[in-house]
Amino acid sequence: MQCRLMMFCQEDDERHSLRKLIKTGVVDSEEKCGLRWPLGRESSGGRYCVAEVWRTKVQTFKNSFVKLKVRNVHRFNLGTSTVEVMHEASLRISELTKQLRDKTKPIPSADMLHDTLKLVWDHFLCWEGSFA
1 MQCRLMMFCQ
11 EDDERHSLRK
21 LIKTGVVDSE
31 EKCGLRWPLG
41 RESSGGRYCV
51 AEVWRTKVQT
61 FKNSFVKLKV
71 RNVHRFNLGT
81 STVEVMHEAS
91 LRISELTKQL
101 RDKTKPIPSA
111 DMLHDTLKLV
121 WDHFLCWEGS
131 FA
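What follows is the structure, given as structure tokens:
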């Protein structure tokens, strides 16, 4: 588990409070967010409390021409008991970008773009499985 606030806390007692709060989280598959805090442990000395739990899974697929990054994010708000699920994909075609920038060579960009998009379609977009 990662806590972005820790990077900005200057005092040792603040870091200690945040670490203690994070370490008291218990993995529980019965909970919507997959984590729970024991009764009375969902806050740390009245200074910090758990408001949201995020679980992110990132998978990256790449070869020398293309890089596809797929992100699944599950966010659970403890105050409102709402769940938000996001699925994101980013595609980077580095070889095509290089050829477009290098104006001295002829650019087979249309063919390369067609081949790359066909690869992504055939192996990822029409796939009926799950990344979870």
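In terms of full-length UniProt numbering, the sequence shown opens at residue 1 and continues consecutively. Cβ atoms here follow ideal geometry from the backbone N, Cα and C, with glycine treated the same way.
- Annotated three-state conformation of Lys32 is coil, per DSSP.
- In this structure, Val53 places its C-beta atom within 9 Å of the C-beta atom of Phe76.
- A distance below 6 Å between beta-carbons, with the five flanking residues on each side excluded, links Asp28 to the following residues of its chain, in chain order: Arg36.
- Scanning its chain for C-beta atoms nearer than 6 Å, with the 5 sequence neighbours on each side dropped, one finds around Leu21 the residues Ser44 and Tyr48, in chain order.
- Sequence-distant partners of Met112 (beyond 5 residues in either direction) whose C-beta falls short of 8 Å from its own C-beta, in its chain, are Phe65, Ile93, Glu95, Leu96 and Gln99.
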